[in-house]
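Worksheet: the structure to be examined is printed underneath.
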Amino acid sequence: MKISSFVYFAKFGIKTILCKKKIPILGTVILTDKCNLSCKHCSVNNITAIIHPYEQIKSEMTTLYHAGVRILFFCGGETFMWQDGEKNLRTLVKEAKDMGFLIVNVVTNGTFPLDLPEADLILLSLDGDRERHNIIRGDTYDTIMKNINAATSDNICFYMAINQINKDTIKDVCYTAKNMKNVRAVSFNFHTPYPDTKALALSKKEKENCCKVIIQMMKEKVPVFNLKSAFPYLISNQFPTPCHQCVVIENGKISTCGRCIEIPNLCEKCGYFFVAEYTLLFKGNVMIILDMLKTYLKYI
Ligand SMILES: C[S@@+](CC[C@H](N)C(=O)[O-])C[C@H]1O[C@@H](n2cnc3c(N)ncnc32)[C@H](O)[C@@H]1O
Ligand code: SF4
Ligand code: SF4
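Under numbering that gives the first Met the number 0, the first residue of the sequence shown is numbered 0, with each subsequent residue one higher.
So this is what it looks like as C-alpha cells:
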C-alpha cells in the first residue's frame, strides 16, 4: 500500500472512531447477478441475470466515490462475465484506479482466465479440497487451478465460505494457498444462513473448531488475510451489525453493509468476517486496530 493511502485510511479511522461518524469507506458494485455456476450455498445468482451497462456501472462508481468510498470491490454474480461492447472487467478496474479509488478488488469464481494485474486483490472463491469444492461449485476445481497457474499476476487471494459441506477442508485450502505461486493469501467467511440455505449454517462449537484450525494455520505461516482478534466475536456472533462504513450498490440501489440487509434477522447470524473486522475496528477496539495494521500492510 502506498504511504499516502495509508495516511488517508489512518485519518479516516481516527475521525470515524472519535466522532462516531457513519461515512462509508468500503463499497461494492454489483456488476451483474448473472453467473455460469449455481453453487449450493449461494442465494444471489441469476435472479435477473441482467448484465448492467457500462454507463450505469460508471455512474455507480462515481456515486460511491463521492460518498467517500476509497476501497472498491467489484462483485456479482460472476464478475468476469461482465462485458459491454469492447469494455470488460479490466477496463472497469483501470478506470476505478484512475478515478482515485485507493484499493480496487474483484471477487470471482475463478473459472475464467485471470488477466487482471491492475487489481489490488483478486478474491477467488475456493471452497475446499477438490472433492468438497466440486460438491458445492460443480466440476470447476481443475479449471480454476489451471487459470491460477496461467494468471498474469500474483494478486490472488483465496476466498472460502466455510459451511457444513466443507468445514473439514480448511487446511487443504490453506496449504494450496501457501504452495501456489500466484496466490498471496487466503481469507475466510462463515456461511451466512439466508432463508434457503439455513441447513448449511455452522453451530457455535463448529465455528470455534474452524477458528482453532485457522489459528494453527497462522502459526504454520500460512498467509491468512483475517484478524485473529475478531474470532471470538465471530464465533459467538457478538459483533455490532450492520457495518455503517460499508455500502453496496446494485442496479442503482444503495444498501448499507450488504444486499442482505433487508432479510429479517439475518444480521444477527452474519458470517462475513469483514463485518466483524470493520465494525470492531471503527468501535475503536485496540486489539483489532493493531491486528489490522499488521495484516493489511502485509497483504495489500
Ligand atoms: C456471491 S459470490 C460473487 C462472486 C463470484 N461469483 C464468486 O463466487 O466468488 C461472492 C462470495 O460470496 C460467497 N457467498 C455466497 N453465499 C454466501 C453465504 N450465504 N455466506 C457466506 N458467503 C457466501 C461466495 O462463496 C463468494 O466467495
Ligand atoms: S459462482 Fe459466485 S455468484 Fe455464482 S453461484 Fe457461485 S457463489 Fe453465487
Ligand atoms: S451484517 Fe447483515 S447486511 Fe451486513 S453482511 Fe451481515 S447479514 Fe448482510
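Ideal Cβ placement from N, Cα and C applies to all residues, glycine included.
Keep in mind that this is a model prediction, so the values were computed, not measured.
In this structure, N108 has its beta carbon less than 7 Å from a heavy atom of ligand 1.
Collapsing the DSSP output to three states places T175 in a helix.
For E276, the Cβ stays outside the 7 Å cut-off from all heavy atoms of ligand 1.
Per the DSSP secondary-structure output, Y193 pairs with nothing in a beta bridge. Apart from sequence neighbours up to five positions away, the residues of its chain that approach R183 with a beta-carbon distance below 7 Å are D153, N154, I155, C156, P222, Y298, ordered along the chain. Residue pairing from DSSP places A184 in a beta bridge opposite C156. The three-state secondary structure of Q244, taken from DSSP, is coil. Judged by beta-carbon spacing, I135 lies beyond the 8 Å limit of N108, meaning their Cβ atoms are not closer than that value. A residue is listed when its beta-carbon falls short of 5 Å from at least one non-hydrogen atom of ligand 3; in chain order these are T240, P241, C256, G257, C259, I260, L265, C266, C269, Y271, V274.
The C-beta of Q215 has fewer than 16 other C-beta atoms within 10 Å across all chains shown, which makes the residue exposed. Beta bridge pairing from DSSP links D83 with K86. Collapsing the DSSP output to three states places S202 in coil.
Using a C-beta cut-off of 8 Å, the segment 89-99 makes no contact with the segment 121-133, since fewer than three inter-stretch Cβ pairs fall below that distance.
Contact check for T196 and S42: beta-carbon distance about 6 Å, within the 8 Å limit, so the pair qualifies. Secondary structure note for G26: its beta strand (DSSP E) is the uninterrupted segment 25-29. Straight-line spacing of the CA atoms in L25 and F72 works out to 8 Å.
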